[in-house]
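>
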Amino acid sequence: MRVIVADDAVLFREGMARILTEVGFEVTGQARNGAELVRQVRRDAPDVVITDLRMPPNFADEGIEAAAEIRSFAPTVGLMLLSQYVEVHHALRLMDEFDGAVGYLLKDRVSDLSAFAVDVRRVAAGQVVMDQELVSRLFSRRRERDPLAELTERERQVLALMAQGLTNA
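So the working numbering is basically just the index in the sequence shown, starting at one, shifted up by 1060.
(1) Would R1197 and V1148 be called neighbours here (beta carbons separated by less than 8 Å)?
(2) I'd like the list of long-range same chain contacts for A1177, defined as Cβ closer than 7 Å, with 5 residues on each side in sequence excluded.
(3) Leaving aside the five residues before and after L1165 along the sequence, list all residues of the same chain whose C-beta is less than 6 Å from its C-beta, in chain order.
(4) Check A1184 in the structure and name its three-state DSSP category.
(5) Beta-carbon separation of I1124 and V1101 under 8 Å?
(6) Measuring CB to CB, does A1134 end up less than 8 Å from L1194?
(7) Looking at L1139 and A1120, is the spacing between their C-beta atoms short of 8 Å?
(8) Run the CB neighbour count on G1225, radius 10 Å, all protein chains shown included, and call it buried at 16 or more, exposed below.
(9) Classify L1141 as helix, strand or coil using the three-state DSSP reduction.
(10) Output the boundary residues of the beta strand (DSSP E) element that contains L1166.
(11) Determine the contact status of T1088 and P1106, defining contact as a CB-CB distance below 8 Å.
(12) Given this structure, state the Cα-to-Cα distance separating N1228 from Q1217, to the nearest angstrom.
(13) Which residues bound the alpha helix (DSSP H) around G1075?
(14) Is M1222 helix, strand or coil by DSSP?
(15) Which word fits E1122, buried or exposed, when buried means at least 16 other C-beta atoms lie within 10 angstroms of its C-beta?
(16) Around the C-beta of A1069, are 16 or more other C-beta atoms found within 10 angstroms, so that it is buried, or is it exposed?
(17) Below 8 Å on the Cβ atoms is my guess for V1137 versus V1108; work out the distance and round it to an integer in Å.
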């Protein structure tokens, strides 16, 4: 299985490439940022990409942006995103914009390399893999109380009229 690894931290990137090679993957390339990753995917046509979520230049969501671009021209490539951060909004974006073959794992929680290899293979096979901490946060977010849900129907109607700029004067 052909893999490209992307991370701005050279030690992490090189270590990941070695680990993947040791467990039977063919690492065809490494990238330091999203633009390099996209170029390498166009050139090497991997089965799966493993990328950091935050990379240069802004350290925001470059990994997801690169993944979205990759999916636009290579829809069958599996996309495994890794992050140090539990960011529910990124997980929601993955669920909304990507139809399968995607994963989001937390770097600090990957403690079993054989399980990680299985997760990478699952993503390459079209499945969705999410870190348990992200799943827990997604469900707890759903359980949080929505203050608008407590309004009566009439209060919602009045609020809608106020949003249109109407007053009771």
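Every residue, glycine too, gets a C-beta built ideally from N, C-alpha and C.
From the atom records:
(1) For the purposes of this step, residue 1197 is identified with residue 137 of the sequence shown, where counting begins at 1. For the purposes of this step, residue 1148 is identified with residue 88 of the sequence shown, where counting begins at 1. Yes, the pair counts as a contact, with Cβ atoms nearer than the cut-off.
(2) Sequence index remark: in the sequence shown, residue 1177 carries index 117 (1-based). Cβ within range, chain order: V1083.
(3) Locating residue 1165 in the sequence shown gives position 105, counting from the first residue. Around L1165: L1142 and D1191.
(4) On the sequence shown, residue 1184 is found 124 positions in, with the first residue counted as 1. Three-state DSSP puts A1184 in a helix.
(5) As a first step, residue 1124 is located in the sequence shown; it is residue number 64 there, counting from the start. As a first step, residue 1101 is located in the sequence shown; it is residue number 41 there, counting from the start. Against a cut-off of 8 Å, the Cβ pair of V1101 and I1124 comes out as no contact.
(6) Translated into the one-based positions of the sequence shown, residue 1134 becomes position 74. Translated into the one-based positions of the sequence shown, residue 1194 becomes position 134. No, Cβ-Cβ distance for A1134 and L1194 is not below 8 Å.
(7) Translated into positions along the sequence shown, residue 1120 becomes position 60. Translated into positions along the sequence shown, residue 1139 becomes position 79. The answer is no: Cβ separation not under 8 Å.
(8) Locating residue 1225 in the sequence shown gives position 165, where the first residue counts as 1. Burial call: exposed.
(9) The sequence position of residue 1141 within the sequence shown is 81, counting from 1. Correct three-state label for L1141: strand.
(10) In the sequence shown, counting from the first residue as 1, residue 1166 sits at position 106. Run containing L1166: V1162 to L1166, per the beta strand (DSSP E) assignment.
(11) Indexing the sequence shown from 1 puts residue 1088 at position 28. Indexing the sequence shown from 1 puts residue 1106 at position 46. Contact: yes.
(12) Residue 1228 sits at position 168 when you count from the first residue of the sequence shown. Residue 1217 sits at position 157 when you count from the first residue of the sequence shown. Going by the C-alpha atoms only, they are around 13 Å apart.
(13) Taking the sequence shown and counting its residues from 1, the one referred to as residue 1075 is at position 15. Taken as a continuous stretch (DSSP letters only), the alpha helix (DSSP H) holding G1075 covers V1070 to E1082.
(14) Against the sequence shown, residue 1222 aligns to sequence position 162. It is helical.
(15) If you number the sequence shown from 1, residue 1122 lands on position 62. When all chains shown are included, E1122 counts as buried.
(16) Position 9 of the sequence shown holds residue 1069. Looking at its Cβ environment, which holds fewer than 16 other Cβ atoms inside 10 Å, A1069 is exposed.
(17) Here residue 1137 is taken as the residue at index 77 of the sequence shown, counted from 1. Here residue 1108 is taken as the residue at index 48 of the sequence shown, counted from 1. About 7 Å separates the two Cβ atoms, so the contact holds.
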